[in-house]
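A.B. asks: In my numbering, the protein residues as written are 176 to 436.
Below, the structure is given as structure tokens:
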């Protein structure tokens, strides 16, 4: 791919970075990111993925915009209330940059459609709000051999990690949380609250982490740090990193799961 003069000018601040450069910007332009969840994490993540020039974006969300979302979901305005989030977010991208390919999917991921929707992604960025979907997304990424950027937030805390569970030496998200959370049983922002700026911090950090995956082998920023969980404490404030070990018995990516059939 050759970037046009207009695109070169638009992304000049990326290209001048030795850690990104022209080759890195081309890699971003050729990438396909699937964003699961267009809410608190997905909104700022989407804005910076689009600003980075990710060439193709698939947006998955079955929810509609509510007035309570406007406190933190920054791609929406009052005129979007009642609209499907995926479609309203796609409209924001189109207004922002007509040079990007955008596909909204107003649907809920399930075992019957996840593989078909996620197939072909360069990376999946999961910012959904329940463990069942997170585990489904992770398991599907392992099955399809797709890297996963996983992000979550609650109150004043957030976490972001890249996973490559399809690799024999790397953990998946299920290795981290186990099998106990397959039900729709996690805390929600509606019940516990969340600081708007906190989801902005987590969402943009997740976008940067996804870019690290996309730039692997293309630019110096391409260090995906697979299996490293970044814990962000907005109250302290502080950040620390933990290594997640692969679980040999993991039903998604363990020895038996990845063994040739």
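Idealized CB from N, CA, C, for every residue including glycine.
1. What number of angstroms, rounded off, separates the C-alpha of residue 153 from the C-alpha of residue 328?
2. For residue 189, I'd like the list of residues in its chain whose CB is within less than 6 Å of its CB, leaving aside the five on either flank, ordered along the chain.
3. If you run the structure through DSSP and keep just helix, strand and coil, what is residue 207?
4. Count the other CB atoms, across all protein chains shown, that sit within 10 Å of the CB of residue 233; report buried if there are 16 or more and exposed otherwise.
5. Is the region 213-224 touching the region 238-249 in the sense that three or more CB pairs, one from each, lie closer than 8 Å?
6. Are residue 421 and residue 339 close, meaning C-beta to C-beta below 7 Å?
7. Under 6 Å: does the beta carbon of residue 301 sit that close to some heavy atom of the ligand ADP?
8. Hey, residue 206 and residue 230 are a contact pair by Cβ (cut 8 Å); roughly how many whole angstroms apart?
9. At the level of alpha carbons, what is the spacing between residue 304 and residue 310?
10. Please say whether residue 315 and residue 355 have beta carbons closer to each other than 7 Å?
11. Suppose you measure from the CA of residue 266 to the CA of residue 423; what does that come to, to the nearest Å?
12. Who does residue 407 pair with in a DSSP beta bridge?
13. Name the residue from 262, 410 and 181 whose alpha carbon lies nearest to the alpha carbon of residue 331.
14. So the candidates are 243, 236 and 392; which of them puts its Cα closest to the Cα of residue 366?
C.D. replies: Taking the geometry as given:
1. Summary: the structure shown does not reach residue 153, with the chain confined to residues 176 through 436, and so no result is reported for it.
2. 195 and 200
3. strand
4. buried
5. yes
6. no
7. Here there are no bound small molecules, and the ligand ADP is not part of this structure.
8. 6 Å
9. 11 Å
10. no
11. 43 Å
12. 333 and 414
13. 410
14. 243
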